[in-house]
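Note sheet for the following structure.
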Amino acid sequence: MMCEHHLKKDDSMLCIQSAESSDIPLIANLERRQYGTEAYPAMFFYQAFLQWPQLLFVAKDTSTTLGSAQFLGYVLYAPAVDYETLWCMSLLTSHDARGKGVGRELMRFSLEQLSNTTQARNVELTVAPDNEAALSLYRKLGFEVINEATDLLGPGEARVQLRYIVPR
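Under full-length UniProt numbering, read the sequence shown as residues 1 to 168, first letter to last.
What follows is the structure in structure tokens.
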């Protein structure tokens with residue numbers, strides 16, 4: 001697939017695009033490296049790709065001289081019951097990509113695509129309350145806090161719930 005969004009940063013060329021099935025092992029590997037036994041398994045990503053291919057995006061550095069792009073991260077959305085809401089299930093960037101704007105660009109591009117290709121009116125997500133970097137990123141992108149709960153994802157799993165209104 002041809003890169004849908006290019007961004008030159010320093011000596012790298014950031015490419016953000018809709019995922020392909022060949023990206024799933026890279027996504028699953030990144031998940032495993034970050035979350036260990038709590039990672040989503042590869043089968044989950046294959047299933048998500050089959051059900052919602054338009055809701056999975058990847059970021060790669062295409063400036064590598066090795067002949068293949070370096071995988072930098074992904075973002076996955078899923079529809080809510082009401083179909084007017086999409087949930088951002090996961091945004092994850094590689095350790096080397098953190099703090100370099102890759103997550104921000106993944107979110108910006110994917111939110112723009114969702115505005116153009118879906119009927120969603122808003123996007124929601126949850127973040128651990130101590131994840132200041134993520135909270136700051138989402139607020140800068142236009143997300144607003146709508147809920148803070150101590151057991152949202154299970155006992156002791158506090159989360160801040162945020163919402164983004166999709167421009168129409």
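Every residue, glycine too, gets a C-beta built ideally from N, C-alpha and C.
With DSSP run on the structure shown, which of helix, strand or coil describes residue i?
i    : result
R168 : coil
E84  : coil
S90  : strand
E157 : coil
L152 : coil
What are the boundary residues of the beta strand (DSSP E) that residue i is part of?
i    : result
L76  : 70 to 79
E124 : 122 to 127
Since residue i and residue j should fall inside the 8 Å C-beta cutoff, what is the C-beta to C-beta distance between them, to a whole number of angstroms?
i    : j    : result
D61  : A69  : 6 Å
C88  : L141 : That belief does not hold up - the Cβ atoms of C88 and L141 are roughly 11 Å apart, past 8 Å.
G73  : G103 : 7 Å
Y46  : I24  : 6 Å
T118 : L86  : 7 Å
V123 : Y77  : 7 Å
Starting from residue i and walking both ways along the alpha helix (DSSP H), at which residues does that stretch end?
i    : result
T117 : 102 to 117
E132 : 132 to 140
Any chance you could list the beta strand (DSSP E) runs of at least 3 consecutive residues sitting entirely within the segment 28 to 71, in chain order? 56 to 61
Count the CB pairs spanning the segment 159 to 168 and the segment 141 to 150 that are closer than 8 Å, and state whether there are at least three. yes
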